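A short worksheet on the structure shown next.
Numbering (this note's numbering), first residue to last: 8 to 466.
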């Protein structure tokens, strides 16, 4: 049987102009050449570190001294590419990934920033950290751990959890890579049945899938080059596959971008004052613009004070510019002196609603369960304030994807909660903006990051 590239993306409009039926080779190029930030996720030992090592190896992004170390450790055996990302001594000793490892490589058409996220449940918080700023997620599925002969294929819990978390964190493109297909006796059937199970799960969860790609990370099959481009024994198991390789798909994915039109929102990270002494030197309010655009003459409102002013100058990297837009770190000089400090917000007047009570999706990451009534610290942008969980509405059952009643959330649980803060915050729905709609929860006793809050509605 043959699998065409267009069958992989028929369920979603994420990709543009899929390869026509009967055609092979690299997908058509896209205009978006910005660096793509993506993470690899999935269950334990699915081959995430090996896949990243393969991408680095095949793209010739490994330094000569690193290759020497790999060859010495191999001692004549095949090179263990996972060592390129497993940097901690404990990771090498246990053969697992604990911390998020970031690596960089580039092709002729695009640059990439890749994050190797842990697969163990106890390190799910690290996966959330990597997903929060990613443009894409590659969720690996180890075909050798799945009973693909069964009437109903069951996906691993971490596969489902990581895909759900990436979706909740608004990672724009989610790709499933079915790994180790060279190790099964009927790879075409195994891939087709697993693909159907993945797309069924994704449809039930409301996840738009950018592609389902068959690969062998250890051998390098269909990772950087499609089987049709490299015929021969290397891709003998994948002769039936006519779609793009994983790298070819990644080269086409769009980079995430918040809206540049409409109202302005910017968290203040740093206030700089020019000159010496205590006179009326202008102060520059620095921060990364969450959405909208700002230019000299723009009217703005400060939060929480509610004071209004007009932007006198816009600066980028110390130079005065005409304007700045979402995603850029800008400095604003106002037309009058106001009391502004780190943690404040700047917006278009009348566009931001302050609230002390809001509904949110809570991804709980702490071993101590989330409890109603207990006080925590929350961080919104650069502002810290106390808060408490006043209500836990439900918990998501990752197997049935249905909400169930819950009175507390344990580690790795995902639930719907109501939060009440000590100070009013200018929160927005996370679906509208990732910066204004996200908060972290910190345990005041242990200082551990306990959870991630994604605002769903204000009360």
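Note that beta-carbon positions come from the ideal geometry of N, C-alpha and C, so glycine has one too. These numbers come from a predicted model, not from an experiment.
- Between the alpha carbons of residue 135 and residue 457 lies a gap of roughly 12 angstroms.
- A Cβ-Cβ contact shorter than 8 angstroms links residue 293 with residue 338.
- Restricted to the segment 107–172, the alpha helix (DSSP H) segments that are unbroken, complete and at least 4 residues in length are 131–139, listed in chain order.
- For residue 421, there is no enclosing alpha helix (DSSP H); the residue is part of the beta strand (DSSP E) that begins and ends at 421–432.
- As the crow flies, the alpha-carbon of residue 232 is around 24 angstroms from that of residue 141.
- Secondary structure of residue 390 (DSSP, three-state): strand.
- Rounded to the nearest angstrom, the gap between the Cα atoms of residue 407 and residue 173 is 18 angstroms.
- Residue 143 sits close to residue 43, with the two beta carbons spaced by under 8 angstroms.
- Shown here, residue 67 sits in coil according to DSSP, grouped into three states, outside any helix or strand.
- Residue 432 and residue 228 have their C-alpha atoms roughly 50 angstroms apart.
- Residue 161 sits away from residue 275, with the two beta carbons spaced by 8 angstroms or more.
- Distance between residue 148 and residue 399, taken at the CA atoms: about 32 angstroms.
- Cβ atoms of residue 244 and residue 188 come within 8 angstroms of each other, at about 6 angstroms.
- Counting along the chain, residue 206 sits inside the alpha helix (DSSP H) bounded by residues 194–212.
- In this structure residue 281 does not touch residue 332 by the C-beta definition: roughly 24 angstroms separates them, more than the 8 angstroms allowed.
- The C-alpha of residue 438 lies about 9 angstroms from the C-alpha of residue 175.
- Between the C-alpha atoms of residue 125 and residue 226 there is a straight-line separation of about 22 angstroms.
- Counted as a single uninterrupted DSSP element, the stretch harbouring residue 41 is not any beta strand (DSSP E), since DSSP gives it neither H nor E.
- Each of 389, 376, 324, 117 was checked against the Cα of residue 347, and the nearest Cα belongs to 389.
- DSSP places residue 441 outside any alpha helix (DSSP H), giving it a letter other than H or E.
- Here residue 454 is exposed, its C-beta having fewer than 16 other C-beta atoms within 10 Å.
- CA-to-CA, the gap between residue 222 and residue 440 works out to about 34 angstroms.
- Spatial neighbours of residue 310 in its own chain (CB-CB distance under 8 angstroms, excluding positions within 5 residues in sequence) are listed in chain order as 351, 352, 353, 354, 359, 361, 433.
- Taking 4 residues as the shortest admissible run, the segment 231–280 contains the following complete alpha helix (DSSP H) segments, listed from N- to C-terminal end: 253–259.
- Distance from residue 377 to residue 342 at the Cβ level is roughly 45 angstroms; contact not present, criterion being Cβ atoms closer than 8 angstroms.
- Collapsing the DSSP output to three states places residue 298 in a strand.
- Where residue 337 is concerned, the enclosing beta strand (DSSP E) starts and stops at 336–341.
- A distance below 8 angstroms separates the beta carbons of residue 419 and residue 371.
- DSSP links residue 415 through a beta bridge to 378.
- Look at residue 189 here: in three-state DSSP terms it is helix.
- The beta carbon of residue 138 lies closer than 7 angstroms to those of 46, 144, 172, 173, 176, 178 in the same chain, with the five residues before and after it left out.
- The Cβ atoms of residue 308 and residue 356 sit closer than 8 angstroms to each other.
- In the DSSP annotation of this structure, the continuous segment of the beta strand (DSSP E) that includes residue 221 starts and ends at 216–221.
- Contact annotation, residue 447 with residue 459: C-beta distance approximately 6 angstroms; criterion of less than 8 angstroms satisfied.
- The distance from the Cβ of residue 201 to that of residue 155 is about 6 angstroms, consistent with a contact at the 8 angstroms cut-off.
- With fewer than 16 other beta carbons inside 10 angstroms of its own, residue 414 counts as exposed.
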